[in-house]
Amino acid sequence: MHVRLYFGKRPGGAMFVYPFGRRHPPFKFFAKDGQLLIAGCWTGFPAVKGHPGFTPLAAMLDLDENGPATAVPVAGLDADEVWNVGEAVSQAINR
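Sequential numbering of the sequence shown, starting at 8, is according to our numbering.
Printed below as a string of C-alpha coordinates:
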(Lines of atoms letter the chains of each structure in order from A and count residues from 1; the text may use other names and numbers.)
(Lines give C-alpha, C1' and ligand atoms only; values in the text may rest on other atoms or scores of the structure.)
Protein backbone atom coordinates (compact mmCIF):
# COMPACT_ATOMS: atom_id res chain seq x y z
CA MET A 1 0.00 0.00 0.00
CA HIS A 2 1.21 3.50 -0.83
CA VAL A 3 1.15 6.44 1.53
CA ARG A 4 -2.02 8.53 1.52
CA LEU A 5 -0.22 11.87 1.62
CA TYR A 6 3.19 12.72 0.26
CA PHE A 7 4.72 16.12 0.77
CA GLY A 8 7.15 16.27 -2.16
CA LYS A 9 10.62 17.77 -1.87
CA ARG A 10 11.85 20.84 -0.05
CA PRO A 11 11.92 23.79 -0.31
CA GLY A 12 8.70 24.05 -2.32
CA GLY A 13 7.06 20.68 -2.11
CA ALA A 14 3.42 19.83 -2.44
CA MET A 15 0.93 17.63 -0.64
CA PHE A 16 -0.03 14.82 -3.01
CA VAL A 17 -3.35 13.18 -2.11
CA TYR A 18 -3.68 9.41 -2.59
CA PRO A 19 -7.32 8.45 -1.83
CA PHE A 20 -7.41 5.03 -0.16
CA GLY A 21 -3.71 4.55 -0.86
CA ARG A 22 -4.12 4.08 -4.61
CA ARG A 23 -0.96 4.26 -6.71
CA HIS A 24 -1.47 7.53 -8.63
CA PRO A 25 -2.79 10.74 -7.06
CA PRO A 26 -5.48 12.81 -8.79
CA PHE A 27 -4.22 16.15 -7.46
CA LYS A 28 -1.82 17.97 -5.19
CA PHE A 29 -2.02 21.02 -2.96
CA PHE A 30 0.67 23.58 -2.29
CA ALA A 31 1.01 27.12 -1.00
CA LYS A 32 2.43 30.03 -2.95
CA ASP A 33 2.33 33.73 -2.19
CA GLY A 34 -0.04 33.13 0.71
CA GLN A 35 -2.56 31.17 -1.36
CA LEU A 36 -3.50 27.51 -1.19
CA LEU A 37 -3.39 26.08 -4.72
CA ILE A 38 -4.54 22.84 -6.32
CA ALA A 39 -3.11 21.22 -9.45
CA GLY A 40 -4.02 18.03 -11.27
CA CYS A 41 -1.43 15.28 -11.60
CA TRP A 42 -2.02 14.44 -15.26
CA THR A 43 1.49 15.47 -16.33
CA GLY A 44 3.69 14.25 -13.47
CA PHE A 45 3.21 10.49 -13.68
CA PRO A 46 4.03 8.92 -17.07
CA ALA A 47 1.72 5.93 -16.54
CA VAL A 48 -1.35 8.19 -16.35
CA LYS A 49 -0.24 11.21 -18.40
CA GLY A 50 -3.24 12.55 -20.33
CA HIS A 51 -5.51 9.78 -18.99
CA PRO A 52 -9.16 10.56 -19.85
CA GLY A 53 -10.05 9.82 -16.23
CA PHE A 54 -8.67 13.27 -15.38
CA THR A 55 -11.39 14.98 -17.46
CA PRO A 56 -13.77 15.80 -14.55
CA LEU A 57 -10.94 17.29 -12.49
CA ALA A 58 -9.62 19.32 -15.40
CA ALA A 59 -13.14 20.60 -16.09
CA MET A 60 -13.61 21.59 -12.44
CA LEU A 61 -10.33 23.54 -12.62
CA ASP A 62 -11.27 25.01 -16.05
CA LEU A 63 -8.31 23.23 -17.68
CA ASP A 64 -7.67 20.51 -20.28
CA GLU A 65 -6.23 17.18 -19.14
CA ASN A 66 -4.09 17.09 -22.29
CA GLY A 67 -2.52 20.46 -21.51
CA PRO A 68 -0.44 21.78 -18.63
CA ALA A 69 -1.59 21.03 -15.09
CA THR A 70 -1.69 24.69 -14.11
CA ALA A 71 -2.27 25.37 -10.43
CA VAL A 72 -5.41 27.29 -9.49
CA PRO A 73 -6.47 28.79 -6.15
CA VAL A 74 -8.56 26.55 -3.93
CA ALA A 75 -10.54 29.60 -2.76
CA GLY A 76 -13.96 29.47 -4.35
CA LEU A 77 -13.95 25.70 -4.93
CA ASP A 78 -16.42 23.57 -3.00
CA ALA A 79 -14.48 21.21 -0.71
CA ASP A 80 -17.03 18.39 -1.08
CA GLU A 81 -16.91 18.67 -4.86
CA VAL A 82 -13.10 18.65 -4.83
CA TRP A 83 -13.10 15.45 -2.77
CA ASN A 84 -15.86 13.74 -4.79
CA VAL A 85 -14.23 14.58 -8.12
CA GLY A 86 -10.82 13.57 -6.76
CA GLU A 87 -12.16 10.20 -5.60
CA ALA A 88 -13.83 9.54 -8.97
CA VAL A 89 -10.64 10.50 -10.83
CA SER A 90 -8.54 8.37 -8.49
CA GLN A 91 -10.70 5.34 -9.23
CA ALA A 92 -10.58 5.98 -12.99
CA ILE A 93 -6.82 6.47 -13.30
CA ASN A 94 -5.92 3.57 -11.03
CA ARG A 95 -7.90 0.79 -12.74
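The beta carbon of each residue, even a glycine, is placed where N, CA and C say it ideally should be. Since we're looking at a predicted model, the values are computed, not measured.
Task: Backbone secondary structure at F27 - three-state DSSP - done: helix
Task: Whole-angstrom distance between D40 and P75, CA atom to CA atom - done: 21 Å
- [ ] Taking 8 Å as the cut-off, decide whether the C-beta atoms of L160 and I100 are in contact.
- [x] With the chain running from 8 to 102 in the structure shown, residue 160 is simply not present.
- [ ] Give the DSSP-derived three-state secondary structure of A65 in the structure shown.
- [x] helix
Task: Residues that DSSP places opposite Q42 in a beta bridge - done: K39
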